[in-house]
Amino acid sequence: MSTATTTTSTTPTTMATTSTTSIATSTETIKAMTSTRAISSTSMLSSSNTIKNGSDLCTLLRNYSQAIQYLQMHPVQSPVLARETLACVWPFALSVSSQTDVNQWFNVYLAHYLPYLSYQLIRPAQLNSASCLSYRKLVSVLGNNYNFSNTDFTSADVYKSIKAYLTNSSGTPRCYNSSDPNLNSTAWFTNNIGPFITFMSLSDLQTFVSDSQISVFAVNPDNLRLFSTPGIAANVTAHYMARLFATNPKFDPLSLPANLLCATPASAFVNLLEPESKSILKVLNNSCTTISLEVTAALVANFNSTLTTDTIQSLGTHNIGLTEGQILAANPNVITSSISSLSTVTGWNQGQVNDIIQRVTTAGFQINSASSLVTLGTLIGGVSTATMSSIPSSQLQIVSQNPTFVNNILTAPVILQETYVRKIVSLNESQAVVNIPNELATFIPRVILASLNAVNVSFVNPKNWNKEQALVLFPDVVSVSNNVKELSDAVLQGFSCTSAQALPVPKIKQVVQACRPQPGKSKVPLQESQLTCMYNYVKDTSITFSDVPSDMLLYYNYSNVQDCRSYFSALGAADFSIPSSFLNIQKNLFNNAQTCLGISGFSLSQTQVGILGNMICTIDSFYIKNSDPLIIEKLKNCGDLTASQVTGIQTLLFSGNTPYGNPSTWKLQTLQQLGNLPLYLNTEFWAKFSSMDKMTFLRSFIPTLKTQNIPITTLQRLFTASNTNIKSKRAAGCTAGEITEANIADPSFPVGYDSTQFDLCLSLTVLKNNPAAITQKVVDPSFERIILNKLNQAYPSGLNDSMLQKLGPTSHVATVSEISNWTITTIDTLASLMNPVNGAWTSDQSTAVIINYLSVPGNTLGTAEINAVGSSLCSLNISVLRTITVNSLKFANPADLSSCSFSQKNILYNIAVIAFINETRDVQQYYQLICPFLGGAPLSDIITLAAQNISMDITTFINLDLNAVMALNVSAVNDLFRNNLPVLKLFENNTVVQSWRLQQYQFQLDTLRIGLIGIQNPSTANTTPTVNKISMNTTTTITKTSVLTTFTNYTANTTAGCATVHGEAGLWRLSLFVGLLTVTLHTVH
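Converting from the sequence shown to the working numbering requires adding 9 to each position, the first position being numbered 1.
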């Protein structure tokens, strides 16, 4: 098992015949040294004048019969002579391999000389040849209060030599042999590293001893004492303790010193009694800087008695470990009297706060004022939307000035935040921007922002805005801003071609420059339609690549590039996922880069990789696996990777020709150094790591991913790939370990279980006590199906609102039949079920959920419901959509209606027209409000808009009703796009644009002067096309049926007071209104 053993004797040699580089290894050698002929006198060794150099001294010592006695008996004459003497005999001391000889050399012969050790004598090259016994003795000497002040090396230097000596790529511990009495001590860490362990990293530990081998040493008491030394890296101690309890699960944690308890895994505390758990919690509180949620959950779960006020107060922050079952079993009065303790705890899951609020309201606690909301603290997320709606708006405005409350409500469900903001807005719509806290501004309805009479940049600029809000705000903000460069990324993201229509070109250029990458500022998130519009405004001017958004350079005309290397260097920071795939921008850019950078074959040099930057995210596996390893670092920045790219990455990594080394040496640190790449890599990659390394890594990796809003489908892929090498048989029962609160609290849960073991090891009791804690961790559909089956077993009459709000992603595996059996009565439940973070529903599922909710008397598709269901509006039939009122849609967020049929879009468009026509000051703002609904606009309304000086973006155009697009003539399209017209050329191969242009005569397209190709010109210029085209040129009055449809509901709602046309609305509104009503349409030949 060891790479070193002891030797009892060798052929006798003498100091006179053995060079300083030869190794004498026995007692006989020492004796021989004392029996050789004598040199004249000991005084020769004591006189500095006798010795001219170190070589002379070593020669003299080799020929001096009393050398050993000299070392032992005579005092050191001078430090210089002592060091030279030590250098001569040091190889002999390191080479001896019996414990008796080692003791003689270090305890007797060199006792006076060891204080004079130098770095040259302890450096790795010198020490590597030492016998195990001599090495261990030296570690002991240097670790026992050795005085480093008079040496040329430090404790850190000693550890470097220790590291070099002990490192073993095989993971077999050096200097350990279970069959050798001199080397079979399990106090390996104490003997071979000693107090220098404070310098040891986890990576070092794993190169000294493999995870499987460390179990031999884990329970040794000397090692345990050593690992309790202050200053050891926390992850080193945690790893050691994990191995200790993996080796001996029944090891008594109560026997451990306090600082080792801090690193003890949660599994060690699972089966303790309540008194023991309380005792350990007390020790942990007093001794540990941080305590993991897993440990807290394991200990608190052992509290079998009903909770008392004293218990809750004593738990303090550890109340986070309370199960939902413990909370619901507690006396409501106990929970209410403990609000002061519970309200300061952070990290509650939705189930816990819902249950706590349910308990306190049962006890009579009134949530009806600003003070009561402040009292709830971090429990605010459990307040229902109905309760928030019942609190006077004035009270909610008061509490908006409390920073702690604002910070707490940001952790609450979105529906509660929306309700809170709407209530404050209702107090004074014109003061919404002032009254709403910056962090919650994203919930201010767009229509409120469009109706503001004046914009104060100092109020608007620091607030958080979403893109839809920014599109409405941008024109007013930029028009009054004296310094566009100071505008926030949240405001700048609202740039559009329509808003640019009203700006002078110099100011547009300032906006473009303000959107460039700037140190200390977040990147401005711009979409393709915005970037192409920006480019159209600056393309004819001289620009410096660093002065424009890097994403805009994706659309730069490469034929105008003078310095291609500078261009590609600047382009390297762009997001290459933005361009539409059919544009082939990524491919064309890489082709140009090949020529510019001299790329040949399928290999990229380090320089080429560095210049290409994020373009690396677009190349295929052939380049990845054959390029400079720097490519791995660039791929870390990619938002997603294809299966082919993953193959290329793994091929390069597996080659060993990267900074990450040979896969056989990969450890936890390898995973940590790979950034987000492990998220995309497959089972072949994950199989290279031990289960412990995977679990440890995922405990920090998964929470990080969740803060990045990684799609749940990608998380599912990660779980499948990382949860490898697990095989089980149902007949064997639960073999992976019963699932406990400690397991559930582990961020990596349920890694380590396959679906069979998950089913067998998850008891119904544990599930009922921890539903939210479990469902927020589980993403695999097969596991989710097991959870739902068990819940259906526990609640055969169907799941109620309370349980449904805790289901999370698990709800998405339900069948339509199961959904129909649910009780969905509150908007909180609907919003929870429809939360897009949990994944997408099928159309049938979302219909079942929404109809279930609407079947409850009093429930309608109001503003809150529209916001909650989002794009799932498209799963509803027309009769349901017609029940949406003007006011409901007016204050709702715009939804993605791309999956709706034209009939559905048309219903929503008709309502939107009435909602917004009278709520804005100019047509540009009206256009921004109505834009998300234009896919349902009839041809007549599109024509009317074209006359209103708007500049339509390409995304809106290609999402118009295709029949309407095909009926537009060249003049009408020119009026729609105006300054944004060149984008049609870029998108000429888009299906919609291509279909339209191929129905236009070439001479008509030529009037656009953008190079579009249409059909052959007619033989006679006055020949009329066979397809009628609508334009704005010659008048022909046609039926008003299509447009009057838009205003059918308008007439009804006018009498109800929901919408009216005001005389002071402005000429634009009158023009648009009349245009939509009278529909004077035109045909062109």
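Ideal placement from N, C-alpha and C gives every residue a C-beta, glycine not left out.
Less than 7 Å divides the Cβ of V309 from the Cβ of L331. Counting along the chain, A973 sits inside the alpha helix (DSSP H) bounded by residues L971 to M975.
G203 is classed as buried because its beta carbon has at least 16 other beta carbons within 10 Å across all chains shown. Assigned with DSSP and collapsed to three states, I836 falls in helix. The beta carbons of S505 and L480 sit closer together than 7 Å. Distance between S164 and D768, taken at the CA atoms: about 53 Å.
The beta carbon of T326 sits closer than 6 Å to the beta carbons of V354 from its chain, once the five residues preceding and following it are set aside; these are given in chain order.
For N177, the closest C-alpha among the options S149, S212, L151 and D161 is that of S212. Per the C-alpha coordinates, the member of S811, V148 and V514 positioned closest to G360 is S811. Under the 10 Å beta carbon count, Q682 is surrounded by fewer than 16 other beta carbons and is classified as exposed. If you check the CB distance, S949 and R987 do not come in under 7 Å. Closest in alpha carbon position to V533, among K494, W675, S508 and Y565, is K494.
Taking C-beta atoms as the reference points, V85 and A91 count as a pair closer than 7 Å.
Per DSSP, the continuous alpha helix (DSSP H) segment holding F663 begins and ends at A652 to F663. Counting the other CB atoms within 10 Å of its CB gives A338 a total below 16, which places it among the exposed residues. Between L540 and A523, the CB-CB gap reaches or exceeds 7 Å. For H248, the uninterrupted alpha helix (DSSP H) segment begins and ends at A243 to T256.
Judged by DSSP in its simplified three-state form, Y1010 adopts strand. Straight through space, the alpha carbons of V865 and S829 are spaced by roughly 12 Å. Annotation for Q135: the continuous alpha helix (DSSP H) segment containing it runs P133 to L136. For G657, same chain residues with a beta-carbon under 6 Å away, outside a window of 5 residues either side, are S630, I633 and K634 in chain order.
Residue range P790 to A803 is occupied by the alpha helix (DSSP H) that includes I795. Check the Cα spacing between E750 and each of S772, D837, I552 and A741: the tightest is with S772. A direct Cα-to-Cα measurement between L677 and S490 gives close to 51 Å. By the neighbour-count criterion, in which a residue is buried when 16 or more other Cβ atoms sit within 10 angstroms of its Cβ, T838 is buried.
Using a C-beta cut-off of 8 Å, the stretch 874 to 884 makes no contact with the stretch 799 to 817, since fewer than three inter-stretch Cβ pairs fall below that distance.
Residue state for I1024 is assigned as strand, using DSSP reduced to three classes. Residues S402, L405, Q406, S409, N444 and I445 of the same chain have their beta carbon placed closer than 7 Å to that of I433, with the five preceding and five following residues left out of the count.
Counting every other CB atom within 10 Å of its CB across the protein chains shown gives G607 a total below 16, marking it as exposed. Approximately 6 Å separates the beta-carbon atoms of A459 and E928; this is inside 8 Å, confirming the contact. Its Cα nearest to that of A745, the residue V760 stands out among V760, S237, P756 and D755. Across the structure, N847 and A652 are spaced so that their CA atoms are roughly 24 Å apart. 7 Å or more divides the Cβ of D789 from the Cβ of F706.
Rounded to whole angstroms, the separation of the alpha carbons of T199 and V228 is 13 Å.
Comparing alpha-carbon positions, the option among A499, S488 and E537 lying closest to P513 turns out to be S488. Contact between the stretch 154 to 162 and the stretch 184 to 197 is not established, with fewer than three Cβ pairs separated by less than 8 Å.
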